[in-house]
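Our numbering puts the first residue of the sequence shown at -18, with every later residue one more than the last.
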Amino acid sequence: PPFPNLFFFFADEMDDGGAYLRGITADFVQRYNPRMYSPPQYAAWILAPVVLHQGTADDAVPLQWSNTFADKMEYLNKDITYYIYQDEDHNFTQGSWTTLIQRDLQFFRKNLNL
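Shown next as structure tokens:
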């Protein structure tokens, strides 16, 4: 979801059910254009290669958020390497950690000429 709605993804976990967050967000939306604060809005500014790892069972960063960002980067012909790990959680504790690290090492060796 666009900013600031992405904050509501976790709002129900807050002590007040997210009431305070919703209140200050409503105030923000009245004063500012929220689209100006959405990360994909600034993908065109990215000049460096990006590597992105996403688990399908990630409960902190939904798959759709990463898909949206990766799609925007590809649309802009930006250099993005995007990996999706089936059934992997946010901390990559389901067996993909070694693969992720190996892919990161390969990515940085290539892009930093190491």
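We treat Cβ as the ideally placed atom computed from N, Cα and C, and that holds for glycine.
| Asked | Found |
| --- | --- |
| Can the beta-carbon of residue 6 be found closer than 8 Å to that of residue -15? | yes |
| On the CB-based measure, 16 or more other CB atoms within 10 Å of its CB, does residue 1 come out buried or exposed? | exposed |
| Look at the Cβ atom of residue 70, then the Cβ atom of residue 40, and state whether they are nearer than 8 Å. | yes |
| For residue 24, count neighbouring Cβ atoms within 10 angstroms of its own Cβ and tell me buried if that reaches 16, exposed if not. | buried |
| How many whole angstroms separate the CB atoms of residue 28 and residue 37, which I take to be in contact at a CB cut-off of 8 Å? | In fact, because the Cβ distance is near 29 Å, the residues do not count as touching under 8 Å. |
| Is the segment 44 to 59 touching the segment 73 to 84 in the sense that three or more CB pairs, one from each, lie closer than 8 Å? | no |
| Using a threshold of 8 Å, state whether the C-beta atoms of residue 33 and residue 19 are closer than that. | no |
| Go ahead and pull the three-state DSSP assignment for residue 83. | helix |
| Roughly how many whole angstroms lie between the Cα atoms of residue 26 and residue 72? | 28 Å |
| Considering only the alpha carbon of each residue, which of 50, 65 and 64 lies closest to residue 58? | 50 |
| Under the rule that 16 or more other beta-carbon atoms within 10 Å means buried, what is residue 75, buried or exposed? | exposed |
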